[in-house]
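The block underneath contains the structure these notes are about, expressed in structure tokens.
There are 2 protein chains.
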Amino acid sequence: MSRIAVDLLGGDGAPAVVVDGALRACRADPDLQLLLVGPPDAADDVRAALPDDQRRRITVRPTGAPGGMAAGTAAEPGTGRADESIRAGMAAAADGAADAFISAGSSGAIVTAAALGLGRWPAVRRPALVVTVPAVAGPVVLLDVGATVEARPATLTQHALFGAAYGAVRLGLDRPRVGLLSIGAEPGKGDRVRRTADALLRSLTLPAAGRYVGLVEGHDVTLGDGIDVVVTDGFTGNVLLKGIEGAYAMAGGPEPGRVAPRAAALLGVAGTVVVCHGAATGADIATGITLAAGLHRGRVTSTVARMLDDITRLIAEQDEVSP
Amino acid sequence: MSRIAVDLLGGDGAPAVVVDGALRACRADPDLQLLLVGPPDAADDVRAALPDDQRRRITVRPTGAPGGMAAGTAAEPGTGRADESIRAGMAAAADGAADAFISAGSSGAIVTAAALGLGRWPAVRRPALVVTVPAVAGPVVLLDVGATVEARPATLTQHALFGAAYGAVRLGLDRPRVGLLSIGAEPGKGDRVRRTADALLRSLTLPAAGRYVGLVEGHDVTLGDGIDVVVTDGFTGNVLLKGIEGAYAMAGGPEPGRVAPRAAALLGVAGTVVVCHGAATGADIATGITLAAGLHRGRVTSTVARMLDDITRLIAEQDEVSP
Numbered sequence: 001m002s003r004i005a006v007d008l009l010g011g012d013g014a015p016a017v018v019v020d021g022a023l024r025a026c027r028a029d030p031d032l033q034l035l036l037v038g039p040p041d042a043a044d045d046v047r048a049a050l051p052d053d054q055r056r057r058i059t060v061r062p063t064g065a066p067g068g069m070a071a072g073t074a075a076e077p078g079t080g081r082a083d084e085s086i087r088a089g090m091a092a093a094a095d096g097a098a099d100a101f102i103s104a105g106s107s108g109a110i111v112t113a114a115a116l117g118l119g120r121w122p123a124v125r126r127p128a129l130v131v132t133v134p135a136v137a138g139p140v141v142l143l144d145v146g147a148t149v150e151a152r153p154a155t156l157t158q159h160a161l162f163g164a165a166y167g168a169v170r171l172g173l174d175r176p177r178v179g180l181l182s183i184g185a186e187p188g189k190g191d192r193v194r195r196t197a198d199a200l201l202r203s204l205t206l207p208a209a210g211r212y213v214g215l216v217e218g219h220d221v222t223l224g225d226g227i228d229v230v231v232t233d234g235f236t237g238n239v240l241l242k243g244i245e246g247a248y249a250m251a252g253g254p255e256p257g258r259v260a261p262r263a264a265a266l267l268g269v270a271g272t273v274v275v276c277h278g279a280a281t282g283a284d285i286a287t288g289i290t291l292a293a294g295l296h297r298g299r300v301t302s303t304v305a306r307m308l309d310d311i312t313r314l315i316a317e318q319d320e321v322s323p
Numbered sequence: 324m325s326r327i328a329v330d331l332l333g334g335d336g337a338p339a340v341v342v343d344g345a346l347r348a349c350r351a352d353p354d355l356q357l358l359l360v361g362p363p364d365a366a367d368d369v370r371a372a373l374p375d376d377q378r379r380r381i382t383v384r385p386t387g388a389p390g391g392m393a394a395g396t397a398a399e400p401g402t403g404r405a406d407e408s409i410r411a412g413m414a415a416a417a418d419g420a421a422d423a424f425i426s427a428g429s430s431g432a433i434v435t436a437a438a439l440g441l442g443r444w445p446a447v448r449r450p451a452l453v454v455t456v457p458a459v460a461g462p463v464v465l466l467d468v469g470a471t472v473e474a475r476p477a478t479l480t481q482h483a484l485f486g487a488a489y490g491a492v493r494l495g496l497d498r499p500r501v502g503l504l505s506i507g508a509e510p511g512k513g514d515r516v517r518r519t520a521d522a523l524l525r526s527l528t529l530p531a532a533g534r535y536v537g538l539v540e541g542h543d544v545t546l547g548d549g550i551d552v553v554v555t556d557g558f559t560g561n562v563l564l565k566g567i568e569g570a571y572a573m574a575g576g577p578e579p580g581r582v583a584p585r586a587a588a589l590l591g592v593a594g595t596v597v598v599c600h601g602a603a604t605g606a607d608i609a610t611g612i613t614l615a616a617g618l619h620r621g622r623v624t625s626t627v628a629r630m631l632d633d634i635t636r637l638i639a640e641q642d643e644v645s646p
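Below is the structure:
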């Protein structure tokens with residue numbers, strides 16, 4: 001059984017789209033309980049649409065204006081009210097009322113609330129949002145897609161550790177192949193941040209016996225040849241992901257029914273948090289809830305955190321041993 | 324009649340792929356003359372494949388190792404030999420032997436050789452590579468896709484001028500709508516560079532009565548709703564373009580037979596230069612030659628340069644008038 005806190009006020013189409021997504025997720029997965037965070041009226045809509053004997057699967061943590069005032073109106077991204085449901089959902093994940101939290105609200109607000117409400121992993125300053133892109137040669141883990149927009153070499157190398165561990169735990173990858181996104185595959189291609197990060201990554205020990213394979217390019221994320229994990233800064237990753245989404249929206253996905261990922265897992269904070277696209281549909285919200293439940297059941301976030309801890313300790317020991 | 328200098332040694336498949344592309348371009352456009360720059364043997368292959376009465380359309384400017392040694396082997400990107408054909412082709416464009424130059428070589432080497440060999444436009448420090456993406460709602464001009472990888476607000480605002488002028492001259496756009504690529508459409512989204520550039524662009528006079536419409540996202544480049552020109556730094560633009568290419572390669576383009584652009588025009592230098600993808604096919608090289616001929620015939624580069632000059636003078640006058 002997974003208990004997922006869901007932000008009723010996140011996203012352009014909230015709360016209607018979230019109500020739709022919550023219902024879809026409940027119908028698809030009988031082992032799911034939802035803690036709906038936001039206006040009680042919207043939560044009542046979810047409950048009313050379920051059969052009598054299913055309604056106890058839905059609980060509510062009210063936020064925002066009391067009574068009917070809050071229901072039926074979309075939350076403005078970045079407003080205090082939208083952020084209030086994010087903070088309340090994060091508190092539910094922190095106090096144990098929920099196993100995970102999912103929101104289609106402003107990713108900046110979610111990342112901030114997660115760092116404050118759940119705390120960061122030891123030695124982690126910058127969280128990352130990670131997605132799995134359905135590439136031709138198999139799934140490709142792409143991070144960061146928007147948590148940390150200012151790129152620094154040390155952030156990129158730490159996120160390479162996140163990505164390798166996530167690939168191993170979530171996708172079962174053995175010896176994940178990690179690449180750094182740049183504008184050419186030959187060493188030296190890219191800006192100063194990439195050149196420094198490339199040099200750091202060449203000597204870095206990666207979790208799950210991962211291997212750093214060097215620089216990769218934008219098309220490698222959708223083709224996936226010889227690569228399992230692609231690391232970049234949150235600005236570039238977000239632009240790239242939305243570009244791929246736009247291209248697939250026009251041309252159809254790589255296979256019928258497969259689309260670009262619409263939900264991202266937040267890594268680097270002590271809890272399970274999923275961020276959906278602001279323009280999420282009901283189906284996207286349901287996918288996000290399913291991802292959150294999958295991450296909880298697979299103990300993905302805590303296992304990745306432990307692998308990071310082990311690697312950090314190993315690197316520290318190697319540093320002590322080396323002359 | 325257009326006389327296009329073609330780098331025989333640029334790209335992963337050179338010179339064979341360039342020979343193929345040169346032939347395709349010649350056959351498609353009887354008003355084309357080619358100055359092939361590189362090993363004479365490869366140039367002979369082009370001539371031999373043409374009918375007798377067509378062979379005088381092909382001339383050669385030899386570079387690299389003499390005789391057969393250079394022919395039939397791919398040029399390593401970034402090697403002195405590959406760069407030699409770039410410098411020689413640029414010299415042909417500078418001395419009037421050719422109206423334009425096209426290469427699938429290293430874009431960094433081409434941009435450097437163009438700045439040195441042709442000179443930059445007045446008041447321009449950073450050239451830009453510009454492509455036209457076939458979006459759903461019509462073509463979208465995207466720049467920079469790799470000429471200037473370090474993003475600065477002043478570079479982005481100057482490239483917005485380039486993009487608006489190019490859209491007007493090349494695509495016939497009236498009042499082109501210009502957006503700045505970021506990770507959300509609301510003001511304030513993005514990194515510090517984007518926030519500063521967004522503020523600068525709000526008060527900038529654009530060529531062709533262009534309008535700045537604010538921040539746009541990755542998917543806007545393939546959808547094109549309400550936008551004609553998208554400005555970004557060369558790192559992000561290159562990654563995005565290759566991501567869209569990869570997605571289309573998997574899923575098919577937006578319409579049958581339409582693909583992501585494989586040739587980019589260089590703006591900011593005093594001449595017509597086209598850069599093809601390093602992994603260009605013969606068809607891609609032919610597309611690049613056709614683009615170069617079209618830019619020459621439409622006097623695109625010189626017209627864009629003059630519009631920039633006019634706008635720069637207008638902005639200077641406004642600055643003098645204002646208190």
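Going line by line, the protein sequences match chains V and U.
Oh and the first sequence: position 28 is 28 in this note's numbering, straight run, nothing missing.
Oh and the second sequence: position 108 is 431 in this note's numbering, straight run, nothing missing.
Heads up, the beta-carbon is just placed ideally off N, CA and C, and yes, glycines get one too.
Being a predicted model, the structure only gives us computed values, none of them experimental.
Where V554 (chain U) meets chain V, residues with beta-carbon distance less than 7 Å: For the purposes of this step, residue 554 (chain U) is taken as residue 231 along the second sequence, with counting starting at 1. Going along chain V, no residue has its Cβ under 7 Å from V554 (chain U), so there is no contact; the nearest lies around 12 Å.
Extent of the continuous alpha helix (DSSP H) to which R195 (chain V) belongs: The sequence position of residue 195 (chain V) within the first sequence is 195, counting from 1. Element bounds for R195 (chain V): R192 to R202.
Closest residue to A488 (chain U) among U:A365, U:D406 and U:L590 (Cα-Cα distance): As a working mapping, residue 488 (chain U) is identified with position 165 in the second sequence. Ranking U:A365, U:D406 and U:L590 by Cα distance to A488 (chain U) puts U:L590 first.
As assigned by DSSP and simplified to three states, the class of V341 (chain U): The residue given as residue 341 (chain U) occupies position 18 in the second sequence. Residue state, collapsed to three classes: helix.
Nearest candidate by alpha-carbon position, reference A104 (chain V), set V:A286, V:P139 and V:A293: In the first sequence, counting from the first residue as 1, residue 104 (chain V) sits at position 104. Cα-wise, what sits closest to A104 (chain V) is V:A286.
Selection from U:P445, U:L441 and U:D497 that minimises the alpha carbon distance to A531 (chain U): Here the question's residue 531 (chain U) lines up with position 208 in the second sequence. Distances from the alpha-carbon of A531 (chain U) to those of U:P445, U:L441 and U:D497 put U:D497 closest.
Paired residues, beta bridge with R326 (chain U) - DSSP: Start at 1 with the first residue of the second sequence, and residue 326 (chain U) comes out as number 3. DSSP lists U:Q356 as partners of R326 (chain U).
Beta-carbon separation (whole angstroms), D144 (chain V) vs D198 (chain V), contact threshold 8 Å: Here residue 144 (chain V) refers to the residue found at position 144 when the first sequence is read from its first residue. Here residue 198 (chain V) refers to the residue found at position 198 when the first sequence is read from its first residue. Actually they do not touch by this definition, with Cβ atoms about 17 Å apart.
Secondary structure, alpha helix (DSSP H): runs of 4+ residues fully inside the stretch 147-191 of chain V: With a minimum length of 4 residues, the continuous alpha helix (DSSP H) runs that stay inside the stretch 147-191 of chain V are 153-171.
Neighbour flag for V149 (chain V) against chain U, beta carbons, 8 Å: Here residue 149 (chain V) corresponds to residue number 149 of the first sequence, with the count starting at 1. By this cut-off, V149 (chain V) is an interface position.
Within chain U, partners of D44 (chain V) - CB distance below 9 Å: Along the first sequence, one-based indexing puts residue 44 (chain V) at 44. Within 9 Å Cβ-Cβ: nothing; D44 (chain V) doesn't reach chain U, min ~31 Å.
8 Å Cβ cutoff, A570 (chain U) in contact with chain V: Residue 570 (chain U) sits at position 247 when you count from the first residue of the second sequence. Judged by the 8 Å Cβ criterion, A570 (chain U) is in contact with chain V.
Cβ shell of A292 (chain V) (< 7 Å), same chain only, five flanking positions each side left out: Numbered from 1 along the first sequence, position 292 holds the residue referred to as residue 292 (chain V). Cβ neighbours of A292 (chain V) within its own chain (closer than 7 Å, five residues either side excluded): I4, A100, I102, T272 and V274.
Within-8 Å CB hit, T402 (chain U) to chain V: Along the second sequence, one-based indexing puts residue 402 (chain U) at 79. Interpretation of T402 (chain U) is limited by its pLDDT of 49, a score under 50 that renders its predicted location unreliable; the figure taken from the coordinates is listed afterwards. Not flagged as an interface residue toward chain V: T402 (chain U), since no C-beta distance is shorter than 8 Å.
Chain V contact for H482 (chain U) (CB, 8 Å cutoff): Position 159 of the second sequence, counted from the first residue, corresponds to residue 482 (chain U). No, H482 (chain U) does not count as interfacial toward chain V.
Identity of the residue in V:L35, V:R126, V:V46 and V:Q54 nearest V60 (chain V) by Cα: As a working note, residue 60 (chain V) is residue 60 in the first sequence. Checked all of V:L35, V:R126, V:V46 and V:Q54; the closest Cα to V60 (chain V) is V:L35.
Helix, strand or coil at G395 (chain U) [DSSP, three-state]: As a position in the second sequence, residue 395 (chain U) is number 72, starting the count at 1. Reliability fails at G395 (chain U), whose pLDDT of 40 lies under 50, so the model's placement of it is uncertain and the value that follows must be treated cautiously. Here G395 (chain U) sits in coil by DSSP.
A593 (chain U) versus Y535 (chain U) - alpha carbon distance: Sequence index remark: in the second sequence, residue 593 (chain U) carries index 270 (1-based). Sequence index remark: in the second sequence, residue 535 (chain U) carries index 212 (1-based). Rounded to the nearest angstrom, the two C-alpha atoms are 26 Å apart.
Coarse secondary structure for P445 (chain U), derived from DSSP in three states: The residue labelled residue 445 (chain U) in the question sits at position 122 within the second sequence. The answer is coil: DSSP assigns P445 (chain U) none of H, G, I, E or B.
Pairwise C-alpha distance: Q33 (chain V) and V693 (chain U): Nothing about residue 693 (chain U) can be read from this structure; chain U reaches only from 324 to 646.
Short CB-CB distance (under 8 Å) between L181 (chain V) and chain U: Here residue 181 (chain V) refers to the residue found at position 181 when the first sequence is read from its first residue. Judged by the 8 Å Cβ criterion, L181 (chain V) is in contact with chain U.
Minimum Cβ-Cβ distance from A574 (chain U) to chain V less than 8 Å: Position 251 of the second sequence, counting from 1, holds the residue named residue 574 (chain U). With 8 Å as the cut-off, A574 (chain U) counts as an interface residue toward chain V.
Within-8 Å CB hit, L658 (chain U) to chain V: Shown here, chain U extends from 324 to 646; a query on residue 658 (chain U) therefore has no answer.
Cβ neighbour criterion (16 or more within 10 Å) applied to S526 (chain U): As a first step, residue 526 (chain U) must be located in the second sequence, where it is residue number 203. S526 (chain U) comes out exposed.
Environment of E245 (chain V) [buried if 16+ CB atoms lie within 10 Å]: For the purposes of this step, residue 245 (chain V) is identified with residue 245 of the first sequence, where counting begins at 1. Buried is the call here.
Coarse secondary structure for V213 (chain V), derived from DSSP in three states: Within the first sequence, the letter at position 213 stands for residue 213 (chain V). DSSP places V213 (chain V) in strand when its eight states are reduced to three.
L465 (chain U) and L564 (chain U) closer than 8 Å at C-beta: In the second sequence, counting from the first residue as 1, residue 465 (chain U) sits at position 142. In the second sequence, counting from the first residue as 1, residue 564 (chain U) sits at position 241. It is a contact, given that the beta carbons lie within the stated cut-off.
Contact with chain V by L546 (chain U), beta-carbon distance below 8 Å: Residue numbering aside, residue 546 (chain U) sits at position 223 when the second sequence is read from its first letter. Yes, L546 (chain U) counts as interfacial toward chain V.
Test item: CB-CB of G89 (chain V) and V37 (chain V) under 8 Å: Here residue 89 (chain V) refers to the residue found at position 89 of the first sequence. Here residue 37 (chain V) refers to the residue found at position 37 of the first sequence. Yes, the pair counts as a contact, with Cβ atoms nearer than the cut-off.
Neighbourhood of I311 (chain V) by C-beta, 7 Å cutoff - its chain only, sequence neighbours within 5 removed: Position 311 of the first sequence, counted from the first residue, corresponds to residue 311 (chain V). The answer, listed in chain order, is L161, T205 and P207.
Simplified DSSP state of C135 (chain V), which is helix, strand or coil: If you number the first sequence from 1, residue 135 (chain V) lands on position 135. It is worth fixing the name first, because residue 135 (chain V) is Ala in this sequence and not Cys. It is a strand residue.
Proximal residues of chain V, C-beta to C-beta of D514 (chain U) below 7 Å: Mapped onto the second sequence, residue 514 (chain U) falls at position 191. In chain order: V149, E150 and F235.
V193 (chain V) vs R152 (chain V) beta-carbon contact at 8 Å: Your numbering for residue 193 (chain V) matches position 193 in the first sequence. Your numbering for residue 152 (chain V) matches position 152 in the first sequence. Yes, they are a contact pair.
Between the CA atoms of P15 (chain V) and A280 (chain V) - distance to the nearest angstrom: Here the question's residue 280 (chain V) lines up with position 280 in the first sequence. Here the question's residue 15 (chain V) lines up with position 15 in the first sequence. Going by the C-alpha atoms only, they are around 11 Å apart.
Whole-angstrom distance between S85 (chain V) and M69 (chain V), CA atom to CA atom: One-based indexing of the first sequence puts residue 69 (chain V) at position 69. One-based indexing of the first sequence puts residue 85 (chain V) at position 85. Note that M69 (chain V) scores a pLDDT of 39, beneath 50, so its modelled location is shaky; the value from the coordinates is reported in the next line. Straight-line Cα distance between these residues: approximately 15 Å.
Pair within 8 Å by beta-carbon distance, G469 (chain U) and S430 (chain U): Numbered from 1 along the second sequence, position 146 holds the residue referred to as residue 469 (chain U). Numbered from 1 along the second sequence, position 107 holds the residue referred to as residue 430 (chain U). Here G469 (chain U) is near S430 (chain U), since their CB atoms are less than 8 Å apart.
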